[in-house]
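Enquirer:
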Amino acid sequence: MSTSTTDREIHRTRAGIDIDAPADLVYRALTNVADWPLLYPWIAHTEVVTQDGHDDEVKFWAVRPGPEGGLRIWTSRRTLDPVALRMDFVQQGSVGPIKELGGTWDFLSRPDGGCQVVSGHWFTTDADPEDTAGELDRHGGLQMRTLKSKTERPGSLTGDVIRVEDSTVLPGSPASVYARLLAALPRRDGAESAWFGSQDGIPTVQIEHAGHTLVQKLLTPPSPAELYRRRWRLTEVTGGVRVTADVLAVASTGRDRLLELATTDVRSALASAGQR
82 MSTSTTDREI HRTRAGIDID APADLVYRAL TNVADWPLLY PWIAHTEVVT
132 QDGHDDEVKF WAVRPGPEGG LRIWTSRRTL DPVALRMDFV QQGSVGPIKE
182 LGGTWDFLSR PDGGCQVVSG HWFTTDADPE DTAGELDRHG GLQMRTLKSK
232 TERPGSLTGD VIRVEDSTVL PGSPASVYAR LLAALPRRDG AESAWFGSQD
282 GIPTVQIEHA GHTLVQKLLT PPSPAELYRR RWRLTEVTGG VRVTADVLAV
332 ASTGRDRLLE LATTDVRSAL ASAGQR
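For what it's worth, the working numbering labels the leading residue of the sequence shown as 82, then goes sequentially.
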């Protein structure tokens with residue numbers, strides 16, 4: 082992969098962490114971006130935009146952790162190597178002072194069955210490179226510590242997770258159903274693809290993608306959840322529009338109670354698509 086398309090100076094950072102979990106398990110956790118909302122609490126949603134073999138382009142929506150807050154949206158092109166347990170990536174477009182960003186992630190097996198994860202990043206910036214490197218190191222450290230915590234406690238990515246999904250076919254066009262769903266969500270200013278709001282007094286973030294997907298993440302999950310996200314996906318079919326609603330949740334305690342809540346919520350989510 083090429084590293085830079087400009088004459089800016091390229092700067093580099095490197096980090097690593099030891100994880101008491103098999104290298105292939107940790108590799109799959111990091112590269113399976115569909116489950117990043119489970120792996121990283123600040124990720125609200127991901128979409129694979131294009132895919133060709135082991136190459137893909139992925140779009141991410143994140144609620145920035147820390148005191149600065151806000152939303153961050155970016156797209157990355159990735160090349161995955163499931164044999165060598167390696168991922169190369171290049172971020173598309175600039176974010177803040179970072180004009181270009183790319184790097185590698187390697188997952189190295191240890192003799193005791195654990196692994197070492199090593200990341201190397203390159204970047205160009207219009208700001209002080211030491212400040213930019215410091216920000217990358219802080220976020221990279223958080224990313225690695227979270228990866229370690231979740232993969233050393235695999236139930237957090239499997240057994241504690243609740244997924245409920247249902248679908249229905251409604252008359253009309255995708256645009257009309259999509260408009261009804263948008264009208265049921267907190268209002269936004271402008272045409273942003275992601276915006277903060279409040280639903281029934283609960284702070285939320287809403288995301289729309291390509292006219293066929295809507296996502297709502299509850300920033301204060303209902304008890305007994307640690308994470309709670311709703312999603313609607315629209316597909317044009319013969320006779321109308323297939324609306325698929327799903328809830329992704331993680332139970333802290335009371336798994337059965339959360340499953341009941343999510344099941345009821347999916348029914349309500351489908352009903353909101355059909356309201357006129």
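C-beta atoms are modelled at their ideal positions from N, C-alpha and C, and glycine is treated no differently.
Take GLY333 and list the residues in its own chain whose beta-carbon comes closer than 6 Å to its own, dropping the five residues that flank it on each side.
Expert: It should be pointed out that residue 333 corresponds to Ser in this sequence rather than to Gly. The answer, listed in chain order, is PRO305, GLU307.
Enquirer: Determine the burial state of ALA264: buried for a count of at least 16 other Cβ atoms within 10 Å of its Cβ, exposed for fewer.
Expert: Exposed, because fewer than 16 other Cβ atoms sit within 10 Å of the Cβ of ALA264.
Enquirer: With respect to the alpha helix (DSSP H) encompassing GLY221, which residues constitute its N-terminal and C-terminal limits?
Expert: Unbroken alpha helix (DSSP H) run through GLY221: 210 to 233.
Enquirer: Have a look at GLY174 and ARG159 and give me their C-alpha separation to the nearest angstrom.
Expert: If I take the Cα positions, the gap works out to 14 Å.
Enquirer: Classify ASP116 as buried or exposed, calling it buried when 16 or more other Cβ atoms lie within 10 Å of its own Cβ.
Expert: Result: buried.
Enquirer: Cβ of ASP212 less than 9 Å from any chain D Cβ?
Expert: Included in the structure is just one protein chain, with no chain D present.
Enquirer: Reducing DSSP to helix, strand and coil, say where THR301 ends up.
Expert: Three-state DSSP puts THR301 in coil, outside helix and strand.
Enquirer: Relative to the C-alpha of SER200, which residue among VAL130, THR344, ASP169 is closest?
Expert: Checking every option, the nearest Cα to that of SER200 belongs to ASP169.
Enquirer: At the level of alpha carbons, what is the spacing between ARG323 and SER257?
Expert: Rounded to whole angstroms, ARG323 to SER257 spans 12 Å at the Cα level.
Enquirer: Using only the alpha-carbon positions, how far apart do GLY253 and THR213 sit?
Expert: For GLY253 and THR213, the distance between alpha carbons rounds to 49 Å.
Enquirer: Can you check which of these residues, ASP105, PRO178, THR249, is closest to THR319 by C-alpha distance?
Expert: Selected option, being the one with the closest Cα: THR249.
Enquirer: May I ask you to report which of helix, strand or coil DSSP gives GLY282?
Expert: In the structure shown, GLY282 sits in coil (DSSP, three-state: anything other than H, G, I, E or B).
Enquirer: What runs of the alpha helix (DSSP H), each 4 residues or longer, lie entirely inside the stretch 110 to 139?
Expert: Here the runs fully enclosed are 117 to 120.
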